Amino acid sequence: MNVRDLAALIVLAAVWGASFLFIRVAAPAIGPFPLMGTRVVLAALALLPFVLVLGRFREVRERWRQFLFVGVFNAAIPFSLIAFAETEITASLAAILNSMTVLFSAVVAAAWFGDPLTSRRILGVVLGVSGVAVLVGLDPLPLNGAVLVAVGAMLLGSFCYALGGNYVKRTFSGVRPLTMAFGQQAGAAA
Numbered sequence: 000m001n002v003r004d005l006a007a008l009i010v011l012a013a014v015w016g017a018s019f020l021f022i023r024v025a026a027p028a029i030g031p032f033p034l035m036g037t038r039v040v041l042a043a044l045a046l047l048p049f050v051l052v053l054g055r056f057r058e059v060r061e062r063w064r065q066f067l068f069v070g071v072f073n074a075a076i077p078f079s080l081i082a083f084a085e086t087e088i089t090a091s092l093a094a095i096l097n098s099m100t101v102l103f104s105a106v107v108a109a110a111w112f113g114d115p116l117t118s119r120r121i122l123g124v125v126l127g128v129s130g131v132a133v134l135v136g137l138d139p140l141p142l143n144g145a146v147l148v149a150v151g152a153m154l155l156g157s158f159c160y161a162l163g164g165n166y167v168k169r170t171f172s173g174v175r176p177l178t179m180a181f182g183q184q185a186g187a188a189a
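Just so we're aligned, residue 0 is where the sequence shown starts under numbering that gives the first Met the number 0, counting upward by one.
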């Protein structure tokens, strides 16, 4: 990995990580479902001019069912569940629970596609989740029904990401990133 790639990874991690904080602030004020609906609609609208100018809309239209599936499982459901969960739990706990996506992805790939769930892969997942927990910390929360429901929502959102990610890996080989991003957000907005 060169310096440019490392810098891009750090910026992406900071932006992605900050989204949990922004959701934690905005979801209680706006509501989790309006917040996420607005998020995907604005993303799709922001990407639409580029898709049109570059002539990529036809590919999205031809594969609309596949993009709808990805939009639902890789954006609409998890975004909504994360925003709902963050009305009860901290952004740091949400980030830790979201890191379970990697574990769920490995399990889904093993069950759905027969990818081997090796001890090395499991160790990597455990180290990754532990690393996220160390980096973001963990704030104490009361153990009540609302918190348990929120934790369940986060885990379900992470599982949806695992389904969506595995589906993308198997279905969208060769699709350009802009087309993929727009198709997913448009599918979620639908």
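For glycine and all other residues, C-beta sits at the position ideal for the given N, C-alpha and C.
In this text, all values refer to a predicted model and were calculated from it rather than measured experimentally.
Assuming residue i and residue j form a contact by the criterion Cβ under 8 Å, report the distance between their Cβ atoms to the nearest whole angstrom.
i, j, result
"Ser157", "Asn73", "At roughly 12 Å, the Cβ-Cβ gap does not stay under 8 Å, so Ser157 and Asn73 are not in contact."
"Met153", "Ala93", "6 Å"
"Cys159", "Pro33", "Their Cβ separation, rounded to whole angstroms, is 20 Å, which puts Cys159 and Pro33 out of contact at 8 Å."
Looking at residue i: is its Cβ nearer than 9 Å to the Cβ of residue j?
i, j, result
"Val128", "Ile95", "yes"
"Val101", "Leu116", "no"
"Phe68", "Ala161", "no"
"Ala43", "Phe181", "yes"
"Gly70", "Val39", "yes"
"Leu177", "Leu53", "yes"
"Ser79", "Pro31", "yes"
"Ala90", "Leu20", "yes"
"Glu58", "Val174", "yes"
"Arg62", "Phe112", "no"
According to the neighbour-count rule (16 or more other Cβ atoms, all chains shown, within 10 Å of its Cβ), is residue i buried or exposed?
i, result
"Ile9", "exposed"
"Ser118", "exposed"
"Arg55", "buried"
"Leu5", "exposed"
"Arg60", "exposed"
"Gly144", "exposed"
"Val14", "exposed"
"Arg23", "buried"
"Val124", "buried"
"Gly164", "buried"
"Met99", "buried"
"Met35", "buried"
Taking 9 Å as the CB-CB limit, is residue i close to chain B?
i, result
"Ser172", "Absence of chain B from the displayed structure is noted, only one protein chain being present."
The region 169-187 contacting the region 45-56, beta-carbon criterion three pairs below 8 Å: Three or more beta-carbon pairs drawn from the region 169-187 and the region 45-56 are found closer than 8 Å, and the two stretches are therefore classed as touching.
Three or more C-beta pairs below 8 Å linking the region 141-160 and the region 77-84: The region 141-160, when compared against the region 77-84, does touch it at the 8 Å Cβ threshold.
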